[in-house]
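Quick notes on the structure that follows.
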Amino acid sequence: MILQTHLLDNALIADIQLKEANLANSEQFKSELTNLINSGNKFVIVNFEQVIYVDSSFLGALVSALKLAMNKAADIAVVGLNSDIRSLFQLVRLDKVFRIYTNTQEALTGA
Amino acid sequence: MPKRPKILLVDDSPLVLLVIGQALEKDGFDSRRAANVAEAMALLKNEVPDLILSDYQMPGTDGFAFRQSLMAIPEYKNIPFMFLTSVTDHAHMIAGMSMDAIDYIDKDTPITFVISKINNYLNSIRERHEHTIKELSSAAMALNLYSVPQETPHIDGFEIDFWHKSFENYPGGDFIDAITINNRYTFIILGDVMGKKWGAWFFSFGYLSYIRAAVRLCVSEGDVSTKSIMQKINSVIYHDPVVSEVLSTLSLIMIDSEHETLSYTGAGDLPLLYFNRAENLLNRISSSGLLLGISKEGGFDEHLFTMQPGDQLILVTDGLIDKETPAGKKTDLDSFTDEIAKYLGKFNSFESLKNDGFLNQKAIEQIDDCSLIFIQKTAK
């Protein structure tokens, strides 16, 4: 399992338990996150706190899950990005696609 | 230089881990060492090795249970697995081999012999793999399916060059194209389908067909605005269930050789690097568009600019800007910009980027395919 999940208030927190989030694990990540959306979770907060590096295939998996979420009137927020990953999100404009918060608490109050 | 194969050693004896680990390292392997199955599973999460060499008898979960749990996980079940154990009665050996293990080796076997077995196995896998890639590549070539054009376009007043390096000879998700509409208009395209290897290559080829068609249709209807063309491509992709699952960046540049102007629209792409010769400055041109197919509108903008003779424009895909640091890998456009700046502003900038080893060195460090488009304004 890549995602460890727990419920908090109105959200499902999904911690990514990886240091390097890349092609080797992006498919599994996508299917786990997709399952969370398909099983009816309306607000998933994906926590990147443990992640040091993300590649484009992993970002692609995250965006695919968001597209699915939008079709199901659900939402995905992203928290715990280190400064490099945050710059990458900005560089490819994913900061305009995802709601990004510093931590889970902020995401919950922002929601 | 080929990468060092990674071997995951699992054994509760620190001595075995040390001795075999060192022997492997000496023989050109990278070893990862786990004292029990839980540790091995934790290591696997971050890195899939080329082969697992595991003990049978360990406190807690034993080697057989370990093997069985790996077989139940799709990402791990195909990692070649060897037992190395002192439990060598026939019943155990048969049980072990029946779990799709590639070998069951007695711990008394000399280490050099164990390493030979590993080498032979990995070599045979590599040869078979190379053969398959070669067959697939020649099939793709026979069908004329290129994601990168074979020739660079000739545009009055401009010099255009392409550079592309695949990752370990896999075709990847990058695609480059130049579409010459007439003497006046040429479109330059750089895209990166997210994902890698064959899947990405297949879709990058599909995308390219989409984009070629869209550009030509728009131009034939009198529309030469990169923003408007990008909006149309995005809209088609957004509504097409076959490709809407696939995500891609796209940089679209139109060169108007009559007015000597360029227009640019980007979708989730990296900023263009613009070297202004008069000011001797390397600037970035950032677009606002989102990745293709994410949203219906896409938020695209259009940049219009005029290049002066000697000015240079660089487009890259993200494969080039990752960097290995002591703290781990990171994406770093700033250091890439600093490094490439040294090569710009010369009459032979592209040649020196290509031939002085800068680009090839970058490609070797990466685990993705890498592409660069170089545009230079020349005197007409």
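Residue numbers (the numbering used here), protein chains in the order written: chain Y, 452 to 562; chain S, 1060 to 1439.
Here a beta-carbon is modelled for each residue, glycine too, at the ideal position from N, C-alpha and C.
Which residues, in order along the segment 1312 to 1344 of chain S, keep a beta-carbon less than 7 Å from a beta-carbon of chain Y?
GLY1327, LEU1329
Looking at SER1284(S): is its Cβ nearer than 9 Å to the Cβ of SER1346(S)?
no
Min CB distance TYR552(Y) to chain S below 9 Å
no
Measure from the C-beta of SER1310(S) to each C-beta in chain Y and report whether the shortest distance is under 9 Å.
no
For THR1365(S), report the span of its alpha helix (DSSP H) as first-last.
THR1365(S) -> not in any alpha helix (DSSP H); beta strand (DSSP E) instead, spanning 1362 to 1365.
At the 9 Å Cβ level, is LEU1392(S) part of the contact set with chain Y, yes or no?
yes
THR1437(S), DSSP secondary structure in three states:
coil
For chain S, is any of its Cβ atoms less than 9 Å away from the one on VAL529(Y)?
no
So is ARG596(Y) buried or exposed if we call it buried at 16+ other beta carbons inside 10 Å?
With chain Y running from 452 to 562 in the structure shown, residue 596(Y) is simply not present.
Could you check what DSSP says for VAL516(Y) in three-state terms: helix, strand or coil?
Just to set this straight, residue 516(Y) is Ala in the shown sequence, not Val. Looking at ALA516(Y) - three-state DSSP - the assignment turns out to be helix.
Less than 9 Å between CB atoms is the rule here; does PRO1133(S) satisfy it with respect to chain Y?
yes
With a threshold of 6 Å on Cβ separation, who are the neighbours of SER1307(S) within its own chain once the five nearest residues in sequence on each side are excluded?
GLY1250, VAL1252, TYR1266, LEU1351
Extent of the continuous alpha helix (DSSP H) to which VAL1252(S) belongs:
Segment 1244 to 1252 is the beta strand (DSSP E) holding VAL1252(S); no alpha helix (DSSP H) there.
Could you check if SER490(Y) is buried or exposed, using at least 16 other CB atoms within 10 Å of its CB as the buried criterion?
exposed
Leaving out five residues before and five after GLY531(Y) in sequence, what residues of the same chain have Cβ atoms less than 7 Å from its Cβ?
ASN498, PHE499, GLU500, ASN554
Restricting to runs no shorter than 3 residues, where is the beta strand (DSSP E) found entirely within the segment 462 to 488 of chain Y?
462 to 467
Can you list, in chain order, the residues of its chain whose CB lies under 6 Å from that of PHE480(Y), leaving out five sequence neighbours each side?
ILE453, ALA512
GLY1327(S) versus VAL1069(S), ASP1167(S), SER1354(S), residue with shortest Cα-Cα distance
SER1354(S)
Residues of chain S with CB closer than 9 Å to the CB of ILE503(Y), please, in chain order.
ALA1386, GLY1387, LYS1388, LYS1389
Would you say SER1225(S) reaches chain Y, if we count a Cβ-Cβ gap shorter than 9 Å as a contact?
no
Whether or not the segment 1168 to 1175 of chain S and the segment 1097 to 1108 of chain S are in contact is what I'm after, with contact meaning three or more pairs of Cβ atoms, one per stretch, closer than 8 Å; do they touch?
no
What separation, rounded to the nearest whole angstrom, lies between the Cα atoms of ALA462(Y) and GLY1378(S)?
35 Å
Using a Cβ distance threshold of 8 Å, determine whether the segment 1077 to 1096 of chain S contacts the segment 1104 to 1118 of chain S, with at least three qualifying pairs required.
yes
C-alpha gap between GLN1290(S) and ILE1314(S), whole angstroms:
19 Å
Can you pull the chain Y neighbours of GLY1265(S), defined as C-beta to C-beta under 9 Å?
Neighbours of GLY1265(S) on chain Y: none; closest Cβ ~15 Å, over 9 Å.
Going along chain Y, which residues have a C-beta under 8 Å from MET1289(S)?
Those within 8 Å of MET1289(S) in chain Y number zero; the least Cβ separation is about 13 Å.
Do you know how far the Cα of ASP1360(S) is from the Cα of LYS1382(S)?
30 Å
For GLU1424(S), decide whether its Cβ has a neighbour in chain C, counting only Cβ atoms nearer than 9 Å.
No chain C is present in this structure, whose protein chains are Y and S.
For ALA465(Y) versus VAL495(Y), is the C-beta spacing smaller than 9 Å?
yes
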